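First up is the structure itself, then whatever we jot down about it.
Residue numbers (our numbering): 160 to 288.
The following block contains the structure:
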């Protein structure tokens, strides 16, 4: 059985961009899910998703994620006087939850295309694709 691919990580980690690429490469839009960054930190969220979903943590340091996210200026979670400090706080709060993913892909030194290729490979090896 093919499992959904669930991408988690900080704002700016690449969930939306990589998710679109993965869906295109797997020829399915409905099986790739990129919930908001805080979803994984909700009690029971990861445990309830794991039976039907293969969870991939797109990991980037707070500084890198903030640099990617800040130019858009549309992320309410980062609005305020110090977006980098907020991102560091989010990383500290959420990383323990993100670390429970089935797999982790480091994103900061890779292009979105390379990250997507790595996620597709994981999906093929471990999620029935």
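For glycine and all other residues, C-beta sits at the position ideal for the given N, C-alpha and C. Source: prediction; values computed, not measured.
Sequence-distant residues of its chain with Cβ nearer than 7 Å to residue 204 (five each side left out): As a first step, residue 204 is located in the chain shown; it is residue number 45 there, counting from the start. Cβ within range, chain order: 198.
Endpoints, alpha helix (DSSP H) assigned at residue 247: Numbered from 1 along the chain shown, position 88 holds the residue referred to as residue 247. Its alpha helix (DSSP H) spans residues 242–257.
Give me the Cα-Cα distance between residue 288 and residue 240, rounded to the nearest whole angstrom. As a working note, residue 288 is residue 129 in the chain shown. As a working note, residue 240 is residue 81 in the chain shown. About 44 Å.
May I have the straight-line CA-CA distance separating residue 281 from residue 250, to the nearest angstrom? For the purposes of this step, residue 281 is identified with residue 122 of the chain shown, where counting begins at 1. For the purposes of this step, residue 250 is identified with residue 91 of the chain shown, where counting begins at 1. Taking the straight line from one Cα to the other gives about 24 Å.
Taking residue 217 and residue 173 to be in contact with their CB atoms under 8 Å, please state how far apart those CB atoms are, rounded to whole angstroms. On the chain shown, residue 217 is found 58 positions in, with the first residue counted as 1. On the chain shown, residue 173 is found 14 positions in, with the first residue counted as 1. 5 Å between Cβ atoms; contact.
Determine the direct distance from the alpha carbon of residue 274 to that of residue 169, and round the result to whole angstroms. Within the chain shown, numbered from 1, the residue matching residue 169 stands at position 10. Within the chain shown, numbered from 1, the residue matching residue 274 stands at position 115. Between residue 169 and residue 274, the C-alpha separation is close to 15 Å.
DSSP three-state assignment for residue 174, whether helix, strand or coil: Taking the chain shown and counting its residues from 1, one reaches residue 174 at position 15. Residue 174: helix per DSSP, three-state reduction.
Residue range of the alpha helix (DSSP H) that residue 226 falls in? If you number the chain shown from 1, residue 226 lands on position 67. Per DSSP, residue 226 belongs to the alpha helix (DSSP H) from 221–228.
Hey, could you find the ends of the beta strand (DSSP E) residue 218 is sitting in? Numbered from 1 along the chain shown, position 59 holds the residue referred to as residue 218. Its beta strand (DSSP E) spans residues 212–218.
Along the alpha helix (DSSP H) that carries residue 166, what are the first and last residues, could you check? Here residue 166 refers to the residue found at position 7 of the chain shown. Unbroken run through residue 166 is the beta strand (DSSP E), 163–167; no alpha helix (DSSP H).
Can you look up residue 262 in the DSSP assignment and give me helix, strand or coil? For the purposes of this step, residue 262 is identified with residue 103 of the chain shown, where counting begins at 1. Of the three classes helix, strand and coil, the one that applies to residue 262 here is strand, per DSSP.
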